[in-house]
Amino acid sequence: MKAMFPGSFDPITNGHLDVIDRGSRMFDELVVAIMTNSSKHALFSIEEKMAMVTDAVRAYPNVKVIAMADELTVKTAAKLGVNVILRGVRNVEDFQFEQQIATMNRELDSKIETLLLPTSPKVASISSSIVKEIGRFHGDTVKFLPAKAQAMLEVKFNEKEK
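Numbering (our numbering), first residue to last: 14 to 175.
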């Protein structure tokens, strides 16, 4: 069975990796789809995200990384022949939001299921937005990000200061 884990990954976090790790064991193939979130202003370009996500998942032979801009997640899933959209949920707010999206996706394509996977407790408080805020003020993000993403975040904020 083939699943897709969509996200903006701006940047990819250890919370995302928790879902990817577990999803890679649940599915024959897991496609990590870097998508555009129209409600957010991205810090990283699609190319930068591809580099950091590809590096972070290199140990998973059944995980593939793609970038899809400006398309509905459910349409991307259908094009790829994906059966399941995998989403991580950290808390009740995430669950409510993801449940609404899952319901709408089901209306758009009833052949694609959504699986909501609670994140592991050790990463449940990590969010890209919070990590970016920590990085912006030169806090230590090493516990929250894969190595390449952490290095790229540090470079990004050092560039902004010049």
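The C-beta atom is built at its ideal place from N, Cα and C for all residues, glycine as well.
All values derive from a computational prediction rather than experimental measurement.
* C-beta atoms of VAL44 and VAL76 nearer than 9 Å -> VAL44 is a Cβ neighbour of VAL76, given a cutoff of 9 Å.
* Asked: With 16 other CB atoms within 10 Å as the buried threshold, where does ARG38 fall?
  -> Result: exposed.
* Asked: Where DSSP assigns a beta bridge to LEU99, which residues make up the other side?
  -> Answer is LEU128, bridged to LEU99.
* To do: Quick one: using the 10 Å Cβ neighbour count with 16 as the cut-off for buried, is ILE139 buried or exposed?
  => By the neighbour-count rule (16 or more Cβ atoms within 10 Å), ILE139 is buried.
* **8 Å contact criterion, which ILE125 and ASN104 should meet: CB distance rounded** => The pair is not a contact, with the Cβ atoms about 25 Å apart (cut-off 8 Å).
* To do: Count the other CB atoms, across all protein chains shown, that sit within 10 Å of the CB of GLN113; report buried if there are 16 or more and exposed otherwise.
  => Exposed is the call here.
* Curious, which full-length alpha helix (DSSP H) runs of at least 4 residues does the stretch 134-160 contain? -> Counting whole runs of 4 or more residues, the stretch 134-160 contains the alpha helix (DSSP H) stretches 141-149.
* **C-alpha gap between SER123 and LYS53, whole angstroms** => Between SER123 and LYS53, the C-alpha separation is close to 28 Å.
* In angstroms, rounded to a whole number, what distance separates the CA positions of ALA137 and PHE150? -> Using only the alpha carbons, I get a separation of about 22 Å.
* To do: Could you check what DSSP says for LYS77 in three-state terms: helix, strand or coil?
  => Correct three-state label for LYS77: strand.
* Is LYS53 helix, strand or coil by DSSP? -> In this structure, DSSP gives LYS53 a state outside helix and strand, which the three-state scheme calls coil.
* Buried/exposed call for GLY152, threshold 16 Cβ in 10 Å -> GLY152 counts as exposed, since fewer than 16 other C-beta atoms from the protein chains shown sit within 10 angstroms of its C-beta.
* **Cross-strand partners of ILE47 (DSSP beta bridge)** => Answer by DSSP bridge pairing, in chain order: GLY20, ALA80.
* Span of the alpha helix (DSSP H), counted from its first residue to its last, around SER37 -> Element bounds for SER37: 27-39.
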